[in-house]
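The structure appears below as structure tokens.
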Amino acid sequence: MKLLFIWPNKGAFGVKPIGISLLSSLAKKMGWETKLYDTTHIDFGYTQYTESGVLAKIFKDVDMTPFGWVKTKVDMEHELAVTLNEYQPDCIAVSLLSDERFIAVRATKVAKAWRKDIPVIWGGMFPTLEPEKALIEDGADFVCRGEGLEAFPEFLLALEKKEDLYSIKNIWGKHRGELIKNPTRSLMEDIDSLPFADWDIFARQEYYYKPFDGNAYIGGDYMTNWGCPYNCTYCVNHFLHKLYDHKDKIRRYSVERSIKELKFLKDKFNLQFLRFYDEDFLMRPTHVLRHFSECYLEEINLPFVIETNPHSVTEEKVVLLKNMNCVSATLAIETGNTELRKNLLKRVDSEADILRAFKIFNDNGIRTSCFIMLGLPFETRATYESSIDLVRRAGVRYPCVNFFFPFEQTELREIAIKNSFYDPEREKVYQTDYPALTFQSLTSDELVQMRNVFNLYVKLPVIYHSYIKRSESADDVGKLLREKILTIYDETVWANDGWFAENSKTGFYLSELSGILHATQKPAYEGED
Ligand code: B12
Ligand code: SF4
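As structure tokens, this is what we get:
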């Protein structure tokens, strides 16, 4: 039997989704042949994250084209139809997040036009959150609601044996015009029993190469801790807690299993770098991290990056990370405004936790990054300035600021709609560089400029701030000033690994900026002829 995975990827390069890797491995274990069709290489007309990130000084400009990071205009419908004809699958498995829905709908139409009776099953975050929309509006025949680790193999087995497809827990379907909603099963307990990730289906280099600090590395994608117990209002986790009746515990691969799998992947794919996707890498007892750290150092010893919550950071854990070759940690700050962070976002970490956590990472020489969401409900110029202020005080080396998007089934989406910041009738696709919400006191164009200069305010001394502010206006003077400020940024911040370093040219920079401002300013009175 043949299974075609479709990953309707809108943006990400350098990634091998863990869900597809595991499901493909499980299917192969059952004797199915698998193949992947994905849209990573297709230009759908959206600004790429890396492009807008370079503009906003979030990333260094690394030429990734030699590693296959190239998007082109492709007729997806034609390309997928060719794949279907050549491969002749028995089932189509689409894995998608919310912002990939529009591509998934197009791909599903192609599949159903190719063969009306081909079973198309959707899984991943969007169908988990909105199964009815996926089935009724989007054309999926089946949906996996929640975890697929046990449900999907059962589904494939039923398909293979031509048995009942409509009474499998987690799988919803349409049968003779009726919606079949099966109950949710508990999460799989023994995740150690899963087969190793199947990366053979990721056959091209663009899934592997990742840029880091100006260079490109062959990278691996891995997750050791599964889940997060918190309930931030903008995140899917509070929905997932309800879905699993609050019985979803944090699951974790044993140290032995992780190390064995990482060693296998490292050797097979010549890995040079690892990215851990645990929502909070440090959410584990210190003794467990110590054991992992020792084994990792001995068997794997690749540089790696993590994400963690300021709440979980301790000096002892960070020292262990440093010893095991952790090169970067990203921590969420989201907003510098305490009221918004605590009461609107319901984050558990305080400002003191944030300041303490960054200090520990900085003191131990691990590169830091943070997430900031701009354009949150109730955002104002003042809340924006408090974010700049907190990121400055925390000493974040590479701040990463993106726009907030109100994803389905989140509490913050409801708040955004109720307070007229977001119109669900005009649903947009998530873009890092354009606000999804609208505000009375800030225009979308102003917000775009605010994102683009966020890091300039954070990194450059206050003496430059009035020029940065003036450069937020996209008139001729603003554009010239911005150009100059970006050069100053390159010479004082990028050249010093993300930390501002005074150089002998400060006086020169300031006189240039002042020159631009004054040369282009019209005199108040030009005299009479
Ligand atoms: C790794 C990760 C990424 C990676 C890889 C993304 C990917 N395509 O896999 C990268 C860095 C690229 C990424 C980017 C983004 N991400 Co992200 N990411 C994650 C993270 C931390 C882990 C995902 C993961 O691998 N989980 C482990 C695997 C095993 O689970 P899974 O993928 O869900 O798959 C299981 C089931 O869903 C199901 N399943 C999945 N597919 C299928 C298919 C079929 C046929 C079946 C039957 C079952 C099935 O079975 C699998 C096994 O149980 C999640 C958080 C989370 N809790 O999931 C956020 C998360 C998925 N990301 C999110 C977001 C918002 C983003 C970004 C928009 C962020 C940004 N600022 O740019 C971008 C979007 C880019 C994109 N469209 O790919 C949101 C998604 C919200 C939503 N409604 O879609 C999440 C849930 C974070 C959150 N807490 O809100 N992300
Ligand atoms: S801490 Fe992160 S992963 Fe956990 S609920 Fe909050 S946003 Fe989601």
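Going by this note's numbering, the first residue of the sequence shown is number 869, and it counts up by one from there.
All C-beta atoms, glycine included, are put in the ideal place defined by N, C-alpha and C.
These numbers come from a predicted model, not from an experiment.
#### Entry: Option nearest Trp875 by Cα separation, candidates Thr915, Gly899, Val988
Of the candidates Thr915, Gly899, Val988, the one whose C-alpha sits nearest the C-alpha of Trp875 is Val988.
### Cut-off 7 Å between Cβ atoms - residues of its own chain near Glu1380, not counting five sequence neighbours on either side
Lys1352
### Message
For the ligand B12, is there any heavy atom lying closer than 8 Å to the beta carbon of Asn1105?
### Response
Look at Asn1105: its beta carbon is less than 8 Å from one of the heavy atoms in the ligand B12.
### Query
For Leu1165, does the count of other Cβ atoms within 10 angstroms reach 16, so buried, or fall short, so exposed?
By the Cβ neighbour-count rule, Leu1165 is exposed, with fewer than 16 other Cβ atoms within 10 Å of its own.
### Query
Is it true that the segment 1166-1174 meets the segment 1200-1218, where meeting means three or more beta-carbon pairs spaced less than 8 Å apart?
no
### Task
Give every residue of the same chain whose Cβ lies closer than 8 Å to the Cβ of Ile886, excluding the five residues on either side of it in the sequence, and list them in chain order.
Ala1065, Asp1089, Tyr1090, Met1091, Tyr1145
### Query
Below 9 Å between beta carbons: does that hold for Cys959 and Leu872?
yes
### Message
With a threshold of 7 Å on Cβ separation, who are the neighbours of Val862 within its own chain once the five nearest residues in sequence on each side are excluded?
### Response
No answer is possible for residue 862: the residues shown for the chain start at 869 and end at 1397.
### Task
Compare the beta carbon distance of Tyr1075 and Ala975 with 9 Å and say whether it is the shorter of the two.
Not a contact, by the Cβ cut-off of 9 Å.
### Query
Rounded to whole angstroms, how far is the Cβ of Thr1300 from the Cβ of Asn1270, which I believe are closer than 8 Å?
4 Å
### Task
With DSSP collapsed to three states, give me the class of Asp1344.
Looking at Asp1344 - three-state DSSP - the assignment turns out to be helix.
### Task
Locate the beta strand (DSSP E) running through Pro1267, then write down its first and last residues.
1266-1271
### Task
Output the boundary residues of the alpha helix (DSSP H) element that contains Gly1087.
Unbroken run through Gly1087 is the beta strand (DSSP E), 1083-1090; no alpha helix (DSSP H).
### Query
Where Lys1227 and Ala924 are concerned, what is the direct C-alpha to C-alpha distance, given to the nearest angstrom?
Cα to Cα, the separation comes out at about 24 Å.
### Message
Could you check whether the Cβ of Trp900 sits closer than 8 Å to any heavy atom belonging to the ligand B12?
### Response
no
### Nearest residue (CA-CA) to Gly1016, options Met898, Arg1224, Ile888
Ile888
### Message
the ligand B12 and Ser920: does any heavy atom of the ligand fall closer than 8 Å to the residue's C-beta?
### Response
no
### Task
Determine the closest residue to Ser1339 out of Ala961, Thr1355, Arg1235, Val1321, with distance taken between C-alpha atoms.
Looking from the CA of Ser1339, the closest CA among Ala961, Thr1355, Arg1235, Val1321 belongs to Val1321.
### Query
Under a Cβ-count criterion, where at least 16 other Cβ atoms within 10 Å of its own Cβ denotes burial, should Thr1154 be classed as buried or exposed?
By the 10 Å Cβ count, Thr1154 comes out exposed.
### Span of the beta strand (DSSP E) around Leu1055
Element bounds for Leu1055: n/a, residue is neither H nor E.
### Query
If you count every other CB in all the chains shown that lies within 10 Å of the CB of Ala1369, and 16 or more means buried, which is it?
Exposed, because fewer than 16 other Cβ atoms sit within 10 Å of the Cβ of Ala1369.
### Query
Can you tell me the Cα-Cα spacing of Lys1030 and Phe1275, whole angstroms?
So the two alpha carbons sit approximately 37 Å from each other.
### Query
Buried or exposed: which applies to Asp1116, given that a residue is buried once 16 or more other Cβ atoms fall within 10 Å of its Cβ?
With at least 16 other beta carbons inside 10 angstroms of its own, Asp1116 counts as buried.
### Message
On the DSSP letters alone, give me the boundaries of the beta strand (DSSP E) that His1043 sits inside.
### Response
1039-1043
### Query
Starting from Tyr1202 and walking both ways along the beta strand (DSSP E), at which residues does that stretch end?
The sequence given here places Glu at residue 1202; Tyr does not occur at that position. Looking at the DSSP string, the run of the beta strand (DSSP E) that includes Glu1202 is 1194-1202.
### Glu1314, DSSP secondary structure in three states
helix
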